[in-house]
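For reference, the structure discussed in these notes is given below.
2 protein chains.
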Amino acid sequence: MMKIIMMMAMTADGKIAKNDNHFPNWTSKEDKAMFAKITKEHRAVLMGDKTFWTFPVPLPERLNVVFTLENNPPKIEGVKWVSGEPEKVLEELEEMGYNSAVLGGGCYLNTLFLRKKLIDEIILTIEPKIFGGGLSLFNENVNIDLELLEAKKINNQSIMLRYKVLY
Amino acid sequence: MMKIIMMMAMTADGKIAKNDNHFPNWTSKEDKAMFAKITKEHRAVLMGDKTFWTFPVPLPERLNVVFTLENNPPKIEGVKWVSGEPEKVLEELEEMGYNSAVLGGGCYLNTLFLRKKLIDEIILTIEPKIFGGGLSLFNENVNIDLELLEAKKINNQSIMLRYKVLY
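As you go down the protein sequences, you meet chains Y and P in turn.
Counting from 7, one number per residue, gives the positions in the first sequence under the working numbering.
Counting from 7, one number per residue, gives the positions in the second sequence under the working numbering.
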């Protein structure tokens with residue numbers, strides 16, 4: 007089974023974006039560098055199309071695996087459009103030689119993967135901001151316990167927490 | 007001016023409760039001990055009546071300052087029912103000899119105090135859980151920067167973050 011690591015930056019009040027179109031450029035450069043480093047190690051990033059379209063360009067040097075409900079998404083280099091059951095998508099990626107991937111949101115896809123118990127680890131960066139409203143990490147009630155594996159400052163203002171998901 | 011410290015425990019996904027009636031008994035004993043210690047130092051805890059009614063009894067050895075819209079709230083020892091502008095309530099507490107108080111939720115009162123720039127510090131405990139849905143720290147859009155003053159483990163699973171609010 008593919009190892010899936012969900013990786014998200016959030017505000018101190020647990021928000022990942024102000025709204026669906028909010029490009030995640032409010033995070034620290036250390037968080038961006040950590041995201042780039044870890045996603046390049048795993049070589050594939052899973053995301054929803056709303057999240058993908060907030061990026062100016064596809065994430066370079068990684069396979070952008072983008073879940074969409076569109077029938078004819080545009081052909082873009084570095085992008086693999088997928089749909090349907092996440093388990094099937096992960097099987098296909100495994101056949102392509104991937105052993106692991108990073109799940110990078112948004113909250114709909116995060117929730118789908120969590121409900122199906124496909125997320126092994128969660129890496130959160132907590133940035134020193136409050137959005138009040140906006141999008142949370144997930145968008146449905148669940149009741150999941152985590153195990154804290156690591157907690158560290160990535161700069162003097164931002165905290166990284168790494169958890170194992172206990173289903 | 008009274009110093010106001012907002013103090014909340016939240017899940018890793020930024021939820022303070024599953025719903026309005028959810029008694030906060032899911033937090034670690036170290037968080038409960040820290041809340042008791044700090045609120046006893048400040049001697050007064052501000053909260054909304056929904057939050058107050060999730061408690062089995064009023065917080066002992068502290069003044070429970072409970073915001074309510076009810077006209078005839080029941081007389082309860084240790085409870086000061088208040089209503090109206092938070093600034094007036096804080097003035098009254100100051101006249102009573104309080105220099106500081108802890109704001110303990112819920113999200114409606116937290117948001118009111120934040121919008122009025124009355125919160126000086128925010129102390130968060132992050133517990134190793136996910137609720138998915140539920141109540142966030144605040145319930146309206148804001149855009150506030152924080153300054154991280156302190157980050158520490160209070161046990162091997164729970165992280166305390168202390169922030170100054172930069173208005």
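Glycine residues also receive a C-beta, built at the ideal position from the N, C-alpha and C atoms.
Since this is a predicted model, take the numbers as computed values, not measurements.
The beta-carbon of Glu127(Y) is placed no less than 8 Å from the nearest beta-carbon of chain P.
Look at Ile150(Y) here: in three-state DSSP terms it is strand. Pairing Cys113(Y) with Tyr104(P), the inter-Cα distance amounts to about 43 Å. Taking a Cβ-Cβ cut-off of 9 Å, Pro30(Y) has no neighbours in chain P, whose nearest Cβ is about 15 Å from it.
Excluding its 5 nearest sequence neighbours in each direction, Val108(P) has C-beta neighbours in its own chain below 6 Å: Ile11, Met13, Thr45, His48, Val51, listed in chain order. When Cβ-Cβ separations below 8 Å define contact, Asn78(P) makes no contact with chain Y. Around Asn27(P), no beta-carbon contact reaches into chain Y at under 9 Å, the shortest distance being about 14 Å. If you draw a 10 Å sphere on the C-beta of Leu155(Y), you find fewer than 16 other C-beta atoms in it, and that means exposed. With three or more CB-CB distances shorter than 8 Å, the stretch 20-34 of chain Y counts as touching the stretch 128-146 of chain Y. Secondary structure at Ala18(P): coil, using DSSP grouped into helix, strand and coil.
Spanning the alpha carbons of Met102(Y) and Lys86(Y) requires a straight line of approximately 12 Å. The count of Cβ pairs closer than 8 Å, one atom from the stretch 60-75 of chain P and one from the stretch 87-95 of chain P, reaches three, so the stretches are in contact.
A straight line joining the alpha-carbon of Thr17(P) with that of Leu118(P) spans about 22 Å. Per DSSP, Phe73(Y) lies in no alpha helix (DSSP H); the unbroken beta strand (DSSP E) holding it starts and ends at 69-73.
In the DSSP annotation of this structure, the continuous segment of the beta strand (DSSP E) that includes Tyr169(P) starts and ends at 165-172. At a beta-carbon threshold of 9 Å, the residues of chain Y lying near Asp151(P) are Pro134, Lys135, Ile136, ordered along the chain. Counting of Cβ neighbours within 10 angstroms places Met8(P) among the buried residues, the total reaching 16 or more.
The distance from the Cβ of Lys159(P) to that of Ala157(Y) is about 6 Å, consistent with a contact at the 8 Å cut-off. In the structure shown, the three-state DSSP call for Leu124(Y) is coil. Under DSSP, Val108(P) shares a beta bridge with Ile11(P), Val51(P). It is roughly 43 Å from the alpha-carbon of Asp26(Y) to the alpha-carbon of Arg68(P). Annotated three-state conformation of Thr131(P) is strand, per DSSP.
Cβ contact annotation for Lys135(Y) (same chain, cutoff 6 Å, sequence separation greater than five): Thr17, in chain order.
Between Ile129(Y) and Arg168(Y) the beta-carbon gap is near 5 Å, inside 8 Å, which marks them as a contact. CA-to-CA, the gap between Lys38(P) and Leu65(Y) works out to about 43 Å.
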